[in-house]
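Residue numbers (my numbering): 1046 to 1261. Quick reminder that beta carbons are idealized off the backbone N, C-alpha and C, glycines included.
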């Protein structure tokens, strides 16, 4: 089993999750509310508050250059996005510094709990494939949201800029790094079945995150 095989196996599963996203459907029908957009920004801040220390913990635990370089890159990408997200928060009437760390909603809490688990417990290939699956889904959903809300006066330009900043798919350097780390982890004895099983938990995070965003 190789990284490429695992990623190919994940693709139709992730495409199905993206197709079912309720927030995209709301936006396409012109039914997305200001509260939903606010909750989207809040959810992003809360996830980033967990993702940054998770990546740092993985770098600390796995100092070989292959995983360390990749998880450092992921942390850098998330940190870079913070500036645009702060602008989006201001645009929808939120104070960025007051948005994290504890979500009041139980669904969002369950989503964040899995992300928190990665840092201290996941193995390198396991974490890398999960994070790539997460990015594949989020990039695709954000790209569809950006297309649906383009030109709408009720969606602030800063929110649109944040959605677009991730691109329609993970950046090439992230995908290439994922392949290297997954193959390295498998060569060190990680179980391909466990790596794939953990990656499928992206559905739990998607469900919790987007249920909170769309339903409140």
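Alpha carbon to alpha carbon, how far is residue j from residue i? Give it in angstroms, no decimals.
i, j, result
"residue 1197", "residue 1067", "18 Å"
"residue 1162", "residue 1063", "24 Å"
"residue 1187", "residue 1050", "26 Å"
"residue 1229", "residue 1241", "15 Å"
"residue 1136", "residue 1201", "6 Å"
"residue 1181", "residue 1203", "22 Å"
"residue 1252", "residue 1261", "13 Å"
"residue 1159", "residue 1219", "21 Å"
"residue 1087", "residue 1144", "6 Å"
"residue 1153", "residue 1109", "33 Å"
"residue 1081", "residue 1259", "6 Å"
"residue 1069", "residue 1246", "21 Å"
"residue 1060", "residue 1178", "10 Å"
"residue 1225", "residue 1131", "32 Å"
"residue 1103", "residue 1127", "20 Å"
"residue 1113", "residue 1199", "41 Å"
"residue 1116", "residue 1257", "28 Å"
Less than 8 Å between the beta carbons of residue i and residue j, yes or no?
i, j, result
"residue 1172", "residue 1235", "no"
Below 8 Å on the Cβ atoms is my contact criterion, and I expect residue i with residue j to pass it. Report the Cβ-Cβ distance as a whole number of Å.
i, j, result
"residue 1223", "residue 1048", "7 Å"
"residue 1214", "residue 1184", "5 Å"
"residue 1208", "residue 1231", "Actually they are not in contact, since the Cβ atoms of residue 1208 and residue 1231 sit about 34 Å apart, beyond 8 Å."
"residue 1174", "residue 1250", "About 14 Å; that fails the 8 Å criterion."
"residue 1156", "residue 1090", "Rounded, the Cβ-Cβ distance is 13 Å, inconsistent with contact."
"residue 1244", "residue 1055", "6 Å"
Going by DSSP, what residue range makes up the alpha helix (DSSP H) through residue i?
i, result
"residue 1090", "1079-1106"
"residue 1056", "1048-1064"
"residue 1251", "1247-1260"
"residue 1139", "No alpha helix (DSSP H) contains residue 1139, which DSSP labels as neither H nor E."
"residue 1178", "1169-1194"
"residue 1212", "It is not in any alpha helix (DSSP H) - residue 1212 carries neither H nor E in the DSSP assignment."
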